[in-house]
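Undergrad:
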Ligand code: PRT
Ligand code: ZN
């Protein structure tokens, strides 16, 4: 049995349960209101914790693995291994200053007071850049610190940037890009490692599928070669004759990123009836 620590409630909780579900790992009643639950579809016990406690819990071996924001992993700086980046809860840790401040570069931070809930990451950054600023640790509502005179500038999580905007602040330096990560204890037994491998295998299949689309299109036979060259990724798409003479149906898998660019090229080359379908799992 593998023990996984996840956030009890908050920004990570729902998406974590969702990605586990996509991996075929179900927890009765979504573990609602519980501190501990066991999956009946995978040998996994789940501990529901505050996100701040997850790195320590995994480092101490109370949980073998955990899912938590990389920002928290870096701040807590415990002996854990980052196994996989999970692509959700993306955000960044940035320095933001009052919008009327004439900020010209990092040296402007010298002598200022910076409010943050991430003192360790900030201390490390200031040291690396040889800057002398005072760190004012605060646990919440960091964005209001400058306006109430607690600090000059802030160092906090930014996602869309709208919280900064509504508090009269502007982002000037990005220090860390973060997303949810799967972390593991460094001394897992052979059996625990084998279960972790199974979990990672399933996560790969789910994460990979999210980046790709299944595409079907009808093309005139004389354009098959041209269109096969446009479709990236898959070396050899499936080609099937249509009942309509001179036409074929082409099936392939393409990366979401290249999607619009390729669609235009396909249309220019006579492709019709283009269907783009999400893929649930991808095992290569
Ligand atoms: O109760 P517990 O301690 O478990 O949770 P928490 O309150 O400490 O954390 P929670 O649930 O708020 O966030 C969990 C994790 O989500 C964080 O550690 C990040 O890894 C990630 N994450 C992603 C975010 C955001 N996006 C985010 N936007 N965490 C916080 N915010 C806050 C930010 O602090 C700021 O106040 O949202 C505001 C900024 O958002 P924008 O969109 O206005 O820029
Ligand atoms: Zn927290």
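In our numbering, the protein residues as written are -8 to 275.
Even glycine gets a Cβ: it sits at the ideal position worked out from N, Cα and C.
(1) Could you pull the start and end residues of the alpha helix (DSSP H) that residue 31 belongs to?
(2) Please tell me whether, using a cut-off of 8 Å, the distance from the CB of residue 200 to the nearest non-hydrogen atom of the ligand PRT is below it.
(3) Near residue 166, which residues of its chain fall below 6 Å by C-beta distance, leaving aside the five closest residues on each side in sequence?
(4) Work out the CA separation of residue 140 and residue 70 for me, nearest whole Å.
(5) Of the residues 175, 9, 230, which one's Cα is nearest the Cα of residue 72?
(6) Relative to the alpha-carbon of residue 195, which residue among 13, 156, 154, 269 has its alpha-carbon at the smallest distance?
(7) I need the boundaries of the beta strand (DSSP E) containing residue 173, first residue and last residue.
(8) Quick check on DSSP: helix, strand or coil for residue 95?
(9) On the DSSP bridge list, what partners appear for residue 205?
(10) By a C-beta neighbour count over all protein chains shown, 10 Å radius and 16 as the cutoff for buried, is residue 149 buried or exposed?
(11) Using a Cβ-Cβ cut-off of 8 Å (strictly less than) and excluding sequence neighbours within five positions of residue 263, which residues of its own chain qualify?
(12) Once DSSP output is grouped into helix, strand and coil, what is the label at residue 65?
(13) Out of 144, 238, 118, 77, point me to the one whose CA is closest to residue 108's CA.
(14) Determine the burial state of residue 20: buried for a count of at least 16 other Cβ atoms within 10 Å of its Cβ, exposed for fewer.
(15) For the structure I just gave you, are there three or more beta carbon pairs, one from the segment 114 to 133 and one from the segment 96 to 105, closer than 8 Å?
(16) Enumerate in chain order the residues of its own chain whose CB-to-CB distance from residue 170 is below 8 Å, with the five nearest sequence positions on each side excluded.
(17) Specify, as a first and last residue, the run of the beta strand (DSSP E) that residue 114 falls within.
(18) Is residue 63 close to the ligand ZN? I mean its beta-carbon at under 8 Å from any heavy atom of the ligand.
(19) Using only the alpha-carbon positions, how far apart do residue 191 and residue 173 sit?
TA: Put simply:
(1) Looking at the DSSP string, residue 31 is not in any alpha helix (DSSP H), and its letter there is neither H nor E.
(2) no
(3) 84, 116
(4) 37 Å
(5) 175
(6) 13
(7) 171 to 176
(8) coil
(9) 244, 268
(10) buried
(11) 208, 209, 210
(12) helix
(13) 144
(14) exposed
(15) yes
(16) 60, 61, 76, 77, 78, 79, 80, 81, 82
(17) Careful: residue 114 lies outside any beta strand (DSSP E), inside the alpha helix (DSSP H) at 110 to 119.
(18) yes
(19) 9 Å
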